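The structure under discussion appears below in the form of structure tokens.
Residue numbers (the UniProt record's numbering): 1 to 250.
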């Protein structure tokens with residue numbers, strides 16, 4: 001069992017490595033040794049009633065295309081499904097998730113929206129935040145609870161359904177991390193928002209955009225994480241150490 005992620009299992013034997021990731025009742029596994037992978041599949045089939053689906057193509061709304069040069073991951077099918085579910089298939093696509101000049105505030109006097117529908121939209125978009133380009137916008141409309149802003153964000157994936165992340169098979173395991181934060185960006189509670197991303201070689205492997213738990217009193221404190229573990233640099237460093245340990249174990 002992995003010391004970092006309790007659902008990640010690693011096995012090294014005979015110069016080969018087997019990696020097993022469990023999510024509820026779904027299992028994905030692979031390795032550098034065909035013998036290890038085949039042995040694991042046979043043993044699991046004997047012990048449990050399970051179906052072997054072959055090479056990984058779909059997982060939790062993700063579409064995976066594997067080739068000799070690398071792996072491409074996207075959400076084209078999931079994007080089309082959620083647009084159809086919320087009757088937005090004929091809506092005009094947006095070229096960006098949101099306008100940089102528009103400040104979203106909580107609409108205290110506006111007409112109440114259907115909470116079930118709103119939460120369903122937010123839930124579907126949170127699943128579609130595999131792409132880093134939409135993560136901040138989804139968090140913002142969730143916090144401000146603006147239906148208009150949400151509908152704008154939902155039109156963006158229609159413009160970019162085939163975009164995804166490319167993981168080159170020749171990429172190095174050199175780890176780089178980037179962190180930043182705004183200053184009192186939320187107009188409601190004046191809290192700052194942290195953002196960080198980590199790359200192994202040229203491959204983006206982790207990212208997040210999250211509102212900080214406390215109110216920073218200066219631009220230095222909001223970036224350096226003074227007395228606040230939720231701030232940008234500290235969270236970015238923790239995430240980088242986590243990924244570095246995983247890479248070391250593999």
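For every residue, glycine included, the Cβ atom is placed at its ideal position computed from N, Cα and C. Predicted model only: the values in this text are computed from it and were never measured.
Contact check, residue i vs residue j, beta carbons under 8 Å
| i | j | result |
| --- | --- | --- |
| residue 200 | residue 171 | yes |
| residue 179 | residue 202 | no |
| residue 190 | residue 181 | no |
| residue 40 | residue 18 | yes |
Rounded C-alpha distance that separates residue i from residue j
| i | j | result |
| --- | --- | --- |
| residue 194 | residue 214 | 11 Å |
| residue 53 | residue 210 | 36 Å |
| residue 120 | residue 32 | 40 Å |
| residue 124 | residue 83 | 10 Å |
| residue 114 | residue 122 | 12 Å |
| residue 72 | residue 55 | 14 Å |
| residue 222 | residue 174 | Low confidence applies here, because residue 222 scores a pLDDT of 48, under 50, leaving its location unreliable; read the following figure in that light. When rounded, the distance between both Cα atoms is 28 Å. |
| residue 16 | residue 36 | 7 Å |
| residue 44 | residue 60 | 21 Å |
Min CB distance residue i to chain C below 8 Å
| i | result |
| --- | --- |
| residue 77 | Within the model displayed, chain C is absent; a lone protein chain is all it includes. |
Sequence-distant residues of the same chain with beta carbon closer than 6 Å to residue i, five excluded per side
| i | result |
| --- | --- |
| residue 13 | none |
| residue 22 | 7 |
Which of helix, strand or coil DSSP assigns to residue i
| i | result |
| --- | --- |
| residue 118 | helix |
| residue 180 | strand |
| residue 171 | coil |
| residue 203 | strand |
| residue 192 | coil |
| residue 185 | coil |
| residue 226 | With a pLDDT of only 39 at residue 226, under 50, the local geometry of the prediction cannot be trusted, and no value is derived from it. |
| residue 209 | strand |
Contact set for residue i: own chain, Cβ-Cβ below 7 Å, skip 5 residues either direction
| i | result |
| --- | --- |
| residue 74 | 63, 162, 163 and 164 |
Residue i beta carbon near the ligand GTP (any heavy atom closer than 7 Å)
| i | result |
| --- | --- |
| residue 66 | The ligand GTP is not part of this structure, which contains no ligands at all. |
Neighbourhood of residue i by C-beta, 8 Å cutoff - its chain only, sequence neighbours within 5 removed
| i | result |
| --- | --- |
| residue 68 | 169 |
Inset, instruction - Can you check the UniProt domain "Reverse transcriptase Ty1/copia-type" (6-99) for any alpha helix (DSSP H) of at least 4 residues that lies completely inside it and give the ranges in chain order? - result: 34-47 and 76-85, all fully within the UniProt domain "Reverse transcriptase Ty1/copia-type" (6-99).
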